[in-house]
Amino acid sequence: MDHESRQLAQDFFLREPADPRIRKAKVEPQEEDPHPHLRVEMQTVRLNSDSQKLVLDTLRFIHGPDFKLGSASLYKDKGSNLGNRYWMERGNLIVQGGCDYSLTVKPEIETSEARLRAFALAKLERYNFHKAHCAEALEVAAENIEKALEILFLKYFKVDFQDKPDSVPTVAELMEMRNDEKAVLESIYDTSFQTKDHNVWIVKLNLDYLTKMYEKVDVPKKKVNINYNSNSKAKQKEVCKLYLKGPCRFGAKCKFLHESKEEKTPDRLETKENTKITYELEVRFSEDTVYPYQPPLIFFKTENKTSVIPELTCLKVTLRLLDEAKNLAQDGIPSIYSLVELLNNEEEILNFIQFDTRTFPAPSDALFPQLIENSSISKKNLPSHYKKGENKDNRSNINYEELFKDDQEIAKRWFEKRDNDRYNRMMSGRRKLPAWKKKNEILNTIKKSQ
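In our numbering, the protein residues as written are 30 to 479.
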């Protein structure tokens, strides 16, 4: 019986005819409403006398000056069926449970200084220096990244930039020579040559030979059992379609497989970085440098952080480049182009990496051991007359690096004070004093008396 016949039968018969089909269509369960209609507590707005007066004035402004509030019976529920939607007579809140959030561990919120220090450490570690040494250099440099990078370079490669030739051209001539070299490098390397600052040059390189030296491509071999006696290959059974939709009516007698389809994931090889490794030759010029009569600060590193290339390898390559720069600086020859060509010399670089025996500071070694020794020495409880002459014999052992650090801290506090409104108000009051006009005279008198 088709659909139209069934509809006609329903019009003629009082009882709906039975469906002759053996299997009745499954009645799909209705989905539960994700937002069921539940009653909530009716909220009561309580206004003080001033608020009630404001509301009444607003209503009079809307409906006219003759507006008056009616009796309470006029504002009762009229056909809105509020009783099914709200708890009308329930005015108390029942607390069924609670949670003590004071016992939960709150995450530590880093200060801006801690975040800046973490960023500075991460930047210094990109130059392949040990983390402990980066933290020590950053502390000595008073959180100055450029100064800390220079300290690490001097300590790792044992370079003395105070050793300068006697006769060098003027600063203007040195800058002109550097600008000429910059123009030549831009014409040769095009976009591979970049300048972050007038004192920072970067050349990007693709050294595939260095990457292949450390990349490991181990393809596991699978044993395949081949049966040479069998002429025909056994065909795999297909999966039963009825089983995929539900229970199969044939059961164990079914000639198809009762297995769910599972995507077979191929065996993965060892994790390997698919991105191509790009190297960078970074050259920095210090403020008082006499380049090309002095080698610049040279750093060889990868563009992005990777675990394929060891940090020691980058340091060794930097050491080889520094040796080349020193030889060229003796004759005052610009060395950047020669350093790039040296990096492209595969045989020279690989031999130096394998056979050079020079070492670098270990992570456990301190860059400034004298600071640790001075802080670890415990002072004896001597009488006061010993303390007066304590520093008399120690003037020749002044730690200038620590003194420089203190000066940096004092200067930092001074610049912070200049932006303080309270300090500025105090200084404006001091400038009105009569002694302020004689400030220079007083300072000159103190200077002459010292």
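In this text, a Cβ means the ideal position worked out from N, Cα and C, and glycines have one as well.
Here glutamine 323 really is in contact with lysine 193; their C-beta atoms are around 6 angstroms apart, less than 8 angstroms.
Per DSSP, glutamine 81 lies in no beta strand (DSSP E); the unbroken alpha helix (DSSP H) holding it starts and ends at 78–92. Out of Asp237, Asp448, Thr335 and Val319, the CA that lies nearest to the CA of serine 196 is found in Val319. Per DSSP, reduced to three states, the secondary structure at isoleucine 231 is strand.
Residue burial annotation: glutamate 316 is exposed, with fewer than 16 other C-beta atoms found within 10 angstroms of its C-beta. A check of alpha carbon separations from threonine 347 across Asn333, Ala358, Lys334 and Val369 identifies Val369 as the nearest.
Here the segment 303–314 makes contact with the segment 325–338; the two share three or more CB pairs at distances below 8 angstroms. Between isoleucine 306 and valine 268, the C-beta spacing is not below 9 angstroms. Of all alpha-carbon atoms in Val188, Glu205 and Lys233, the one lying nearest the alpha-carbon of threonine 220 is that of Lys233. Residue range 326–331 is occupied by the beta strand (DSSP E) that includes isoleucine 327. Per DSSP, reduced to three states, the secondary structure at valine 369 is helical. Beta bridge pairing from DSSP links arginine 313 with Val229 and Leu326. Using a Cβ distance threshold of 9 angstroms, glutamate 172 and arginine 146 count as a contacting pair. The C-alpha of arginine 459 lies about 21 angstroms from the C-alpha of alanine 440. A Cβ-Cβ distance of about 7 angstroms is found for the pair glutamate 165 and phenylalanine 397, placing them in contact under the 8 angstroms criterion. Leucine 150 sits close to cysteine 163, with the two beta carbons spaced by under 9 angstroms. Of all C-beta pairs linking the segment 221–231 to the segment 372–386, fewer than three are shorter than 8 angstroms, placing the two stretches out of contact. Ranked by Cα distance from valine 229, the options Lys211, Thr73 and Lys468 are led by Lys211. Non-local beta-carbon contacts of proline 392 in its own chain, meaning distances under 7 angstroms to residues more than five positions away in sequence, involve His159 and Ala161 in chain order. Linking valine 169 to leucine 153 through their CA atoms gives a straight-line distance of about 14 angstroms. Counting only unbroken stretches of 4 or more residues, the alpha helix (DSSP H) elements lying wholly within the segment 153–222 are 160–169, 174–186 and 200–218, in sequence order. In the displayed model, leucine 286 falls within a strand according to three-state DSSP. Phe285 is the residue among Gly280, Phe285 and Ala281 whose C-alpha sits nearest the C-alpha of lysine 270. The C-beta distance from aspartate 385 to lysine 345 rounds to 6 angstroms, short enough to meet the 8 angstroms contact threshold. For threonine 224, the three-state secondary structure derived from DSSP is strand. Beta bridge pairing from DSSP links valine 268 with Leu286. Within the same chain, and ignoring the five residues on either side of glutamate 353 in sequence, the residues whose Cβ sits closer than 7 angstroms to its Cβ are Ser364, Ser367, Leu368 and Leu371.
Rounded to the nearest whole angstrom, the CA to CA distance from asparagine 333 to isoleucine 174 is 19 angstroms.
C-alpha of asparagine 469 to C-alpha of glutamate 205: approximately 42 angstroms in a straight line.
Tyrosine 308 is bridged by DSSP to Leu234 and Thr331. In this chain, the alpha helix (DSSP H) harbouring valine 346 covers 340–358.
Between the alpha carbons of asparagine 428 and lysine 446 lies a gap of roughly 28 angstroms.
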